[in-house]
Each structure stands twice: as structure tokens, then as C-alpha cells.
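**Q** If you use my numbering, the sequence shown closes out at 648, no skipped numbers anywhere. Before I ask anything, let me first share the structure, which is written out below as C-alpha cells.
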Amino acid sequence: MVFLIRYLHYVMKLFFSAILLFIVLGSTAQRIQTAPYWAQQKTDAYPGKQDDICFVNDSLGWYVNGYGRIYKTRNGGKDWQLITEKKGTFFRCIGFVDSLLGFAGTIGTDYFPNVEDTVPLYKTTDGGHNWTPVEYKGPRVKGLCAISIYNEPVINAGNLAYRAHIYCGGRVGSPAFTMISHDHGKTFEAQDMSQYCSYILDIKFFNVKEGVICAASDGELDKTRARMLMTSDGGKTWKITYTGKRPFENVWKCYFPSRKVGYGTVQSYDTSAAMSQRYVIKTTDGGKTWQELPLVNDIKVREFGVGFTNEQHGWVGAVPYGFETFDGGKTWKPSYMGAAANKFRVFRNRDGDTIAYSIGTLVSRNKSVIKSGYDALEAMRNAYAGGRWYRYFTFSQEVQYFNKEGAPDKKEVWHEAAAFPGKLLIKFDNKASQNGVLFANNTYYGFKDGKEQVKLPMVHDLVLAGFDVYFLKPWETAHLLDSMGYNLKKVREEQWMGRQLLVIGADKGDTLSPQLWIDKERFYLHRIIYRQRSAIRDVTFENYERLEGNWVATFITFRQNGHLQLTERYYDIKFPKTLKEEWFKPEKFAEIKLE
54 MVFLIRYLHY
64 VMKLFFSAIL
74 LFIVLGSTAQ
84 RIQTAPYWAQ
94 QKTDAYPGKQ
104 DDICFVNDSL
114 GWYVNGYGRI
124 YKTRNGGKDW
134 QLITEKKGTF
144 FRCIGFVDSL
154 LGFAGTIGTD
164 YFPNVEDTVP
174 LYKTTDGGHN
184 WTPVEYKGPR
194 VKGLCAISIY
204 NEPVINAGNL
214 AYRAHIYCGG
224 RVGSPAFTMI
234 SHDHGKTFEA
244 QDMSQYCSYI
254 LDIKFFNVKE
264 GVICAASDGE
274 LDKTRARMLM
284 TSDGGKTWKI
294 TYTGKRPFEN
304 VWKCYFPSRK
314 VGYGTVQSYD
324 TSAAMSQRYV
334 IKTTDGGKTW
344 QELPLVNDIK
354 VREFGVGFTN
364 EQHGWVGAVP
374 YGFETFDGGK
384 TWKPSYMGAA
394 ANKFRVFRNR
404 DGDTIAYSIG
414 TLVSRNKSVI
424 KSGYDALEAM
434 RNAYAGGRWY
444 RYFTFSQEVQ
454 YFNKEGAPDK
464 KEVWHEAAAF
474 PGKLLIKFDN
484 KASQNGVLFA
494 NNTYYGFKDG
504 KEQVKLPMVH
514 DLVLAGFDVY
524 FLKPWETAHL
534 LDSMGYNLKK
544 VREEQWMGRQ
554 LLVIGADKGD
564 TLSPQLWIDK
574 ERFYLHRIIY
584 RQRSAIRDVT
594 FENYERLEGN
604 WVATFITFRQ
614 NGHLQLTERY
624 YDIKFPKTLK
634 EEWFKPEKFA
644 EIKLE
């Protein structure tokens, strides 16, 4: 791979402001429909699974986690603001009636370490900035795992209004209780549910009377079975509608894309090899009966949340990755919204687009419309999330130069090793050569006779757009490309060399502005145009081959100011599991012999 040097005006940093994302996501020339993909949101780091997220419209939402923190967005997840932090509290669930009135449930004590808060439910009347404990009648509730809100339409003085009914249930690890309010959250009453189940993991009400609960039958893990409950009297009494046959299982979460059709995740803790099959359950009669559907036969998979856009299309959150179905659960394929996606929220925005959010180890948003170059970068990263793009890459290449008349000139052989993101070593002529270059830490190093001759801060356009994009967070890639002159507000479709492409950074007919040409289906780089000082470089990636399950362009063409400059033909291509770190240290260059 030829080393392409770009002089930057400043050294790149890996911390980016929210202002950049606003700029990147500004105006756009087109709305390009594409296959649904998950886009990671920019949120504070959290070491494990986060449990719940909710929205009252396409802009305003909240999420919670075990640090006792509540975050709020006012722009559809582009930015999240920490608005509440209660140390010693483990927030497990959250639900809002409107933009001001909301409720947050806690897991309680004696389950996770360092949790001291015994209040099961908090209430806010100012959009989440201040919270007060909820008083309730009935037995003491240990903790909560889920909240369901039903806004009942009522007539008030001749006007349509809504009365909020709030249904809460918990907890994992027992004991099982519900907390229910029928008066907009002014009063709550608790109910002991131990006659029906030991755990309550999720709750969903369709109207004032009808609802379901996801549960576990027994408090002892080796005895417990997955269980579903249903009520038709507002939660006063419950009926068992499903109990699994296998121990070590529970029904973790459920989702109903319609009143009749619903899905639930059957979570298994059985570690025996004979019990590796994982299941979801499905109802087609509103929760009265359930059938088991196979998800995957993999002992490593543990299910969490579930969400659907309609009766046929939806997702299951799990570790180590999630799953997606397009045929109502008959078949499933891997999906990468982040590990342990615990809760899904699905709704339509004002444009009629279906929006889905998930929360687990990451907060992610599902999209099917690309409106900017930033959206395209998100789609690229998600397309190969979960380790599906090669991190380590070695190869040799035959470099054919061309003279000013376009006739073949001299040839060279280079040997290369890459560790993405950001590291590329090139040895000229032979694998132990003392001449070559190194890209590492946003710096270019040039070597002759084993000695460093050049050291410059820079970014390698091709490495960034063709490889690093699959490992950096989208806003990190966006920041670098923006600083290099790529206009990420612009995106359009183009058919080129028999493929449908996304063109980022330039209008049709513009071959001078920096731009990326990305395969719309496979989300890899086909073409890049950029400025190198006074020259316009036009690089095309051709002859893509699927090698060991990896896409590699094996022939690269370079043009400068419209004239053919050189070609590269890759061979001896390998994808090692790792590479030695010292290969990418400039002080070690003279000692390195590529293998």
C-alpha cells in the first residue's frame, strides 16, 4: 500500500465536543434508504450492562444505570446529559408519562454490592432533575425491574385528556411484588406476588385491565422455570399462561408489536453442554398461550431484551451479541447493537420513520435512513461490528509505476503489516529491509538505512477510511475526516462499476473535493479522492475478494491530477490473530523482519 502523506494543521486529539456532532449532522442533500443498522450513541462509559431507556417523543428521552445515574437527551440521543446521580442507588428501570412526570425504579439492597438505597421507586415532576421517594400502601417492596405506563383516554370537561396508570414489577433474585397506580402516580399500592412466581423481570399493560408479567417460578436457580403471567382485572389476580420445562431459566423481557403478537426472551443459566439450545417464546393470542421458537444452539449465548418494529421484524439482545429476525422469529441472524441489550424502545418519529433504541453495554439507535456522511460512517462501523473486520493484516504487493505518458515504468515490491486502528509498517524490497515507512499514533516516520529520516504528524487517508473506520467510534472518525477537509454534511447515491455506492463529501460531477465512495450493500471503500498539497489524488479499490471470510481489494489504482500514477497488486495475503507490538515502534524499525 502506497504511503500517502497528508500534512495536518494540528495534531489530532481523541476527545471530541458535542459541537462537532451538531456540525456533522446538520444539513443533508438526500435521505437514502438503507438496510437497518445500529448506531452507537455517544454516552459516558459504564463497565457492564445498563438496564433501561425510555422516550416520550423522538427528541426527549432518559436512561438509567447501576451507578445511580439518570441521563437525559433533548435531541434524539445525539447528546446525553447527566441530570441525576445518587450514590448507593442502582437504578434498574425508568418510565415517563410526559415530558415532566416520570418514575425510576431501583434494584434494592442485598443483590449487588455497594447498593444501600432501599427505596424501590422515585418520582419526578420536573423532567428528571429532582426525584422524591414514592409512598405506597401494602407490603414492603424489595426492588423493581420494570415499569409499564398506560395512558387511558378520558373526557375532562368536554375535552380529551389522559389518565396515567403506572405498573411496576420486581425483582430479579426475589421477592416478587408489583406496585400499581391508577391516578397519575399520586398513590400506589403494592401486592405480594409470591403465590404466582419468585422473580418479576418485566411487566407490560395493554390497557387498564389486561397485562402480562415475565417471571421465574422459583427462587432457587436450579429449580426455577421460565414463566409468563396474565391478568384481566388490572393486576388484582393473575393466571399462569406459560411455564418452561427446563430448570435454570426465566423469561427476562417481552415485547408486543401488536395487541395479539408478542415475544419473550428465555434466559438460561444452565452450563451443561446438552442444554445449549436457546429459545424465545411467541404468542399470537395476546399472551393467553405461548410457543417456544429456537433462537440459536450456542452455550455461550445468554438472552436479555427483545424489541420489534412490527409482527415480523425484531431483535433479541444477548451476550456475546444480539440477533435479528425478519420472519416473525422463524429464523435469526446475528445483530450488533452492543452486548447484553436489556431494553428496546420502538416508535415512529414525526417523519414517519421507525426509530428503535437499545440499552445494554452500549446505548444504540437503529436507523434505516442515511441523511449525512456521519450516518454512513455509523453504518460502516456497525456492518462489521463484533470483530467481523480483520484487525491484523499482512501482505506483499507489486507496485507498478507509470511515466507521464501513461506507459509502464519501474516496478517495486513492498511488504506490509497493519494493526488497526492506525498502524501500518512498510518494508521496501525485502521483509528485513532497512528502508521503509511507519504510520503509528497519527505520525509518519520515514527510514533510510535503518535510521529515522522523517517524523511528521499526519493521518493516512486510506487507512482511516478503509480500515480504521471499523474500529474507531464514529465520532472519532468523523472528527478526523472533518479536520482533513471531508464535508460530512453531504451524501448521495451513485452507481459505479456495477455497484450502488454512497458518496460522502461531494456533489455529483465534483471530482475535486475530498470524498469517499462506499459500497451501499457491503459498506467497504471503493474510491477516495483527496488533496495532497497542490495535487488531487484519486484512488480506486478494485477486485474485491472474499478471503477467509474477509473482504480485500487486491488491486489498487492511483491517479494524480487525472493521470495514472501507479497500481498495486496484493498477494501473500494473511490475517494473523495478532502481531508483535514492537513492529510498530519507530525505535525498533531496523530490527524488524516481517514474517
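Just so it is clear, CB atoms sit at the ideal spot from N, CA and C, and this is done for glycine as well. Remember, it's a predicted structure, so these values are computed and weren't measured experimentally.
1. Alpha carbon to alpha carbon, how far is THR620 from GLY551? Give it in angstroms, no decimals.
2. Tell me, to the nearest whole angstrom, how far the beta carbon of TYR583 is from that of ARG575; I am working on the premise that it is less than 8 Å.
3. In whole angstroms, what is the alpha-carbon distance linking PHE397 and MET281?
4. Kindly indicate which residue of GLY264, GLU529 and LEU348 has the alpha-carbon position closest to the one of ARG312.
5. Starting from TRP528 and walking both ways along the alpha helix (DSSP H), at which residues does that stretch end?
6. Rounding to the nearest angstrom, what Cα-Cα distance links LEU477 and LEU491 in this structure?
7. Where does THR81 fall in DSSP's three states?
8. Under 8 Å, with one C-beta from each stretch per pair, do the segment 608-618 and the segment 434-441 reach the 3-pair mark?
9. Between which residues of its own chain and PHE149 is the CB-CB distance below 7 Å, once the five residues before and five after are set aside?
10. If I'm right that ILE219 touches PHE448 with Cβ under 8 Å, what's the distance once you round it to whole angstroms?
11. Assign MET328 to one of three DSSP states: helix, strand, or coil.
12. What is the rounded straight-line gap between the Cα of LYS638 and the Cα of ALA588?
13. Identify, in the order they occur along the chain, each residue of the same chain with its Cβ nearer than 7 Å to the Cβ of ARG403, setting aside the five sequence neighbours on each side.
14. For VAL369 and LYS383, what's the separation of their Cα atoms in angstroms?
15. I'd like the span of the beta strand (DSSP E) that includes LEU430, first residue to last.
16. Just to confirm my understanding: we take PRO527, look at its own chain, exclude 5 residues before and 5 after, and list those with CB closer than 6 Å. What are they?
17. May I ask you to report which of helix, strand or coil DSSP gives PHE400?
18. Enumerated in chain order, which unbroken segments of the beta strand (DSSP E) with a length of 3 residues or greater are wholly contained in the segment 129-217?
19. Does DSSP classify TRP636 as helix, strand or coil?
20. Taking 8 Å as the cut-off, does the segment 385-401 touch the segment 514-530 (at least 3 CB pairs, one atom from each stretch)?
21. Looking only at C-alpha atoms, which of TRP305, ALA268 and ILE233 sits nearest to ASP286?
22. Could you check the C-alpha separation between PRO310 and GLY360 for me, to the nearest Å?
23. From GLY121, ARG622, PHE143 and ASN128, pick the residue whose C-alpha is nearest to that of ILE136; which is it?
24. Report, in whole angstroms, the separation of the C-beta atoms of PHE1 and VAL187, which I expect to be a contact under 8 Å.
25. Could you name the residues that DSSP lists as bridge partners for HIS468?
26. Taking LEU197 and ARG224 to be in contact with their CB atoms under 8 Å, please state how far apart those CB atoms are, rounded to whole angstroms.
27. In chain order, what residues of the same chain lie with their CB nearer than 8 Å to the CB of LEU600, ignoring the 5 residues before and after it?
28. In three-state terms, what does DSSP make of GLU644?
29. Which term fits GLU648, buried or exposed, when burial requires 16 or more other beta carbons within 10 angstroms of its beta carbon?
30. From GLN553, ILE557, THR530 and SER536, pick the residue whose C-alpha is nearest to that of LYS49; which is it?
31. Is it true that the segment 413-431 meets the segment 453-460, where meeting means three or more beta-carbon pairs spaced less than 8 Å apart?
32. With DSSP run on the structure shown, which of helix, strand or coil describes LEU517?
33. When you compare only the Cα positions, how much space is there between GLU644 and TYR624?
34. Do you know whose CA, among GLY180, TRP133 and SER425, lies nearest THR87's CA?
35. Tell me the start and end of each unbroken beta strand (DSSP E) in the segment 271-322 that is at least 3 residues and wholly inside, in chain order.
36. GLU302 and GLN320: beta carbons closer than 8 Å?
**A** For this structure:
1. 21 Å
2. That pair is no contact at about 22 Å.
3. 19 Å
4. GLY264
5. 527-536
6. 6 Å
7. Its pLDDT being 39, under 50, THR81 is placed unreliably by the model, and nothing is read from it.
8. no
9. CYS107, VAL109, TRP115 and GLY155
10. That pair is no contact at about 60 Å.
11. helix
12. 30 Å
13. ASP111
14. 13 Å
15. Looking at the DSSP string, LEU430 is not in any beta strand (DSSP E); the run it does join, the alpha helix (DSSP H), is 426-436.
16. LEU430, GLU431 and ARG434
17. strand
18. 134-138, 144-149, 155-159, 174-177 and 199-209
19. helix
20. no
21. ILE233
22. 8 Å
23. GLY121
24. Within the shown structure, residues of the chain are numbered from 54 to 648, placing residue 1 beyond reach of any answer.
25. SER449 and LYS480
26. 6 Å
27. ILE626 and PHE628
28. helix
29. exposed
30. A query on residue 49 cannot be resolved here, the shown segment of the chain reaching from 54 to 648 and no further.
31. no
32. helix
33. 24 Å
34. SER425
35. 279-284, 292-296, 302-308 and 315-321
36. yes
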